[in-house]
Structure formats: C-alpha cells, structure tokens
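Residue numbers in the sequence shown follow UniProt numbering, run continuously in steps of one, and reach 185 at the last position.
One structure is given below, encoded as structure tokens.
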Amino acid sequence: MTDVVDKRIAYSEAFKVQCMTRYAAGDSPVQIFRDAGLDSSLIGYKRIERCIARWRKTVLPKINGEPVPEKPQVPRVDVLKQKIAESSGIAAEHIDESNALREMLLESQLRRIEELERELKDVRAMLLREQKRNQAEMRKAERAGERMARYGIGKGAGVAASSDVAAESDAGGVAAGNPAAEPAE
Numbered sequence: 001m002t003d004v005v006d007k008r009i010a011y012s013e014a015f016k017v018q019c020m021t022r023y024a025a026g027d028s029p030v031q032i033f034r035d036a037g038l039d040s041s042l043i044g045y046k047r048i049e050r051c052i053a054r055w056r057k058t059v060l061p062k063i064n065g066e067p068v069p070e071k072p073q074v075p076r077v078d079v080l081k082q083k084i085a086e087s088s089g090i091a092a093e094h095i096d097e098s099n100a101l102r103e104m105l106l107e108s109q110l111r112r113i114e115e116l117e118r119e120l121k122d123v124r125a126m127l128l129r130e131q132k133r134n135q136a137e138m139r140k141a142e143r144a145g146e147r148m149a150r151y152g153i154g155k156g157a158g159v160a161a162s163s164d165v166a167a168e169s170d171a172g173g174v175a176a177g178n179p180a181a182e183p184a185e
C-alpha cells in the first residue's frame, strides 16, 4: 500500500505484481491481502474482489505477456499433493488426488468459517452497543417525561392560548385591532 486518501487505497506496483502472481498460482485473494496485513475485515471483501478484477486486466498481462484468463488458474493436483505433504509430513506418493482436493477444500472452508465468525462477532458487538445506546436514550426520555409531569410543564398552556383566541373572536375582532370588524356609523 502506498497511500490512503478518503476511501481510496493506492497499492504499489510490486504488491500488485506479487498479488497477481500468487493469484495465478491459485491462492485466495483474501489470503493474499491478509498475508500483506490487509485483512478483509479492514478493507472489505468487495474492495479485494474489485482490485483482483481490475488487476487481472491490467497487471497480469504485463507479467506473462499473455491474454488474461477469466478465472484463476487452479493448481495442478501434483502441486496440491506436494503442499499437503509438506504441511502434514506425509510422503506425497501416499496422498491420492481426491484427498488432496478434499484437504484443499476443507482448508478453504475453514478459513471462510473463521472469517464469518469474526464478522458475526463484530456485528453482535455493534448491535449490543446500539441496544445499550437506545436503552440509555429511552431512560433519559422517561426521566424527562417524569420531570415534566411532576412540575406540570406542558399542561394548560394550550388551553390559555385557545381561550384568548375565543375572546377575540367573540369581540368581533375589535380587540385585535381589525378595522373591518368595527361597526360602521
């Protein structure tokens, strides 16, 4: 990231190239940004998606000088098997293709579940704060209403004003200084 202004983030060319290289190798866009210290909870999924879509058209062709694929390249099964073997300590020849794909899918789903759980926790905290604020405002309004009732504020003020209007209209408007209402001689 090189600059942040208002709601706009400027990324360095080196980051764009690194991001698209990893994306072309099959890494998750969210994981790429997270590894760079830009968690989706900070910048949002939509911004990450838009960056990837834009960079697929602009940065990726510069990297390999080829037309940009519409979808990310899926890593070959042998690459997946090697990754699983490295992380689990099992020899690659003992990992079959279905296990490799299943393992990759499970890891992806676990990451997504963790992201959703964090998001849910944030939403719950926000709702709790909102609920507490609303309760405080309600208590404040109730106390104000009780004070008004105790001191008789708001009672009878409208009655006095309406009786003054009635007296003026009974007098034919003379009291109000309406010359059209004065008797003619």
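Glycine included, every Cβ here is placed at the ideal spot set by N, Cα and C.
- Taken through DSSP and simplified to helix, strand or coil, alanine 25 comes out as coil.
- Straight across, the Cα-Cα distance linking glycine 44 with arginine 139 is about 36 angstroms.
- Rounded to the nearest whole angstrom, the CA to CA distance from glutamate 130 to leucine 120 is 15 angstroms.
- Take lysine 16, set aside five residues on each side of it, and the residues of its chain with a beta-carbon closer than 6 angstroms to its own are Trp55 and Val59, in chain order.
- Counting the other CB atoms within 10 Å of its CB gives methionine 20 a total of 16 or more, which places it among the buried residues.
- For a cut-off of 8 angstroms, the C-beta gap from serine 41 to valine 30 is around 10 angstroms, too long to register as a contact.
- Looking at Glu115, Arg124 and Ala24, the one whose alpha-carbon comes closest to that of arginine 34 is Glu115.
- Following the DSSP letters along the chain, one finds isoleucine 52 inside the alpha helix (DSSP H) bounded by residues 45–58.
- By the C-beta density criterion, tyrosine 23 is buried, having at least 16 other C-beta atoms within 10 angstroms.
- When rounded, the separation of the alpha-carbon atoms in arginine 150 and leucine 127 is 34 angstroms.
- Within 10 angstroms of the beta-carbon of leucine 38 lie 16 or more other beta-carbons, which makes it buried.
- Rounded to whole angstroms, the gap between the alpha carbons of lysine 132 and lysine 57 is 47 angstroms.
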